[in-house]
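First up is the structure itself, then whatever we jot down about it.
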Amino acid sequence: MSCFTMLCLLLLGATVLLTSLCSAAIPRVLFADLERLSRLVDIAYCVGNTGVRKPFDCLSRCNDFPDMTLVTTWSTGLLRGDSCGYMALDGHGRGLIVAFRGTYSITNTIVDLSTMPQAYIPYTGHGAASCRNCTVHMGFLQSWRSARSMILPHLMALKAKDPAVPIHLIGHSLGGAIACLAAVELKTLLGWKNVVVTTFGEPRVGNHQLARFIDHVFQLDKVGNAASPWYRRVTHANDPVPLLPWDEWGYGSHAGEIFISKKDLRPTDHDLKVCVGDNDLSCSTQQRGILGTDLGYLGSMTAVETRRGDELTAASLPTRVKLWQLFFAHRDYFWRLGLCIPGGDPLDWGRGASMEPEPDEL
């Protein structure tokens, strides 16, 4: 065999290997777990709206989970808009679900996080797990503190009955930020080991030092290119919220990212990528330049609307800018989240759960 032929075979083998690595799907069990949790977090949008009732009944996707038992719901703040969510026990033994609802006004969320500097305050951590030079988004921390007294007593009682019960904190949008801060406190202040966090479209919660602290608490700095079993921060193509508030204001992302590259519903396991580190350039960080341009235009529009006294809505955005795609992208996590109506968003009607495994697989 000539040297040229051997070189060609080596190059071909490298190409096949590279293609295989780039197209490799995430594990089927992980995909099914994330899809299931996206439906559970969608149910949180019924709290403060039409409600979630015992045993586990609502106008949204509660019928998908006949073995789930509602523990409690909570709503805090003015007109129940500060923090809403629910707590439920999974009869399959998968543990306790603590779901934090995002905001109903996704348009205003993106406008606020991208056009106005976000206030932050020192974050000290607890006990031995101190967080040096850390700052946290003041609004996110206040939201967790306002919900804390409604959540912790139930968690403490359930942990007293079953110390080994896994606790799954889930949240979409701003609810993801609250879930993050809640989980950090459970890990550092109470020392609970079996805490698992899954967020969808989570914004940045603090500065780079706080991001490193979160990496340390959940061992995200030790998982390499594997998915973390303790923290899954799911992001989506064209969703600007995981990149907000901006780096220029001192905010940074933590690790644990799983990126959905497909822009439209519905994704498959081949559309999800486990990202490496805090700012994997092949994941949501790659969108920084494009989204920054669009959101910069959004900021100028906001100033104009403010002077007019009008409210900026997705419907008022010019079609040529296609900023409306950003708003849908922030809702499209396996399903279109945020509507507490039977079957969820009408566009999802007729769709079954994606690759749902048998209970003993999870």
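When you line the sequence shown up against mature numbering (1 follows the signal peptide of the UniProt record, and there is no 0), it's residues -24 to -1, 1 to 338, in that order.
Cβ coordinates follow ideal geometry from the N, Cα and C atoms, glycine included.
Asked, Found
"Helix, strand or coil at histidine 230 according to DSSP, with G and I counted as helix", "coil"
"Beta-ladder partner(s) of isoleucine 73, from DSSP", "Ala64 and His144"
"Start-to-end residues for the alpha helix (DSSP H) that takes in residue 357", "The requested residue 357 does not occur in the structure, where the chain is confined to residues -24 to 338."
"Secondary structure of proline 318, DSSP reduced to three states", "coil"
"Glycine 285, DSSP secondary structure in three states", "At glycine 285 the pLDDT is 44, less than 50, meaning the model places this residue with poor confidence; the figure from the coordinates comes in the next sentence. It is coil, neither helix nor strand."
"Exposed unless 16 or more other CB atoms sit within 10 angstroms - verdict on serine -5", "Low per-residue confidence applies at serine -5: pLDDT is 38, beneath 50, and the placement is therefore not dependable enough to give any value."
"Where leucine 257 falls, given that 16 or more other Cβ within 10 Å makes a residue buried", "exposed"
"Assumed close pair glycine 167, phenylalanine 194 - CB separation to whole angstroms, cut-off 8 Å", "Incorrect: roughly 14 Å between the Cβ atoms, too far for contact."
"Where the alpha helix (DSSP H) through leucine 6 begins and ends", "4 to 19"
"Lysine 30 versus threonine 49: straight-line alpha-carbon distance, rounded", "10 Å"
"Residue from Cys316, Ile19 and Ser106 with nearest C-alpha to glutamine 185", "Ser106"
"Backbone CA spacing between cysteine 316 and aspartate 58 [nearest angstrom]", "18 Å"
"Beta bridge counterpart(s) of tryptophan 311 as assigned by DSSP", "Tyr309"
"Under 8 Å between C-beta atoms of threonine 174 and arginine 124", "no"
"As assigned by DSSP and simplified to three states, the class of aspartate 33", "strand"
"Paired residues, beta bridge with cysteine 259 - DSSP", "None; cysteine 259 has no bridge partner."
"Assigned exposure category for leucine 165 - 16 Cβ within 10 Å defines buried", "exposed"
"Valine 172 to glutamate 224 span [Cα, whole Å]", "30 Å"
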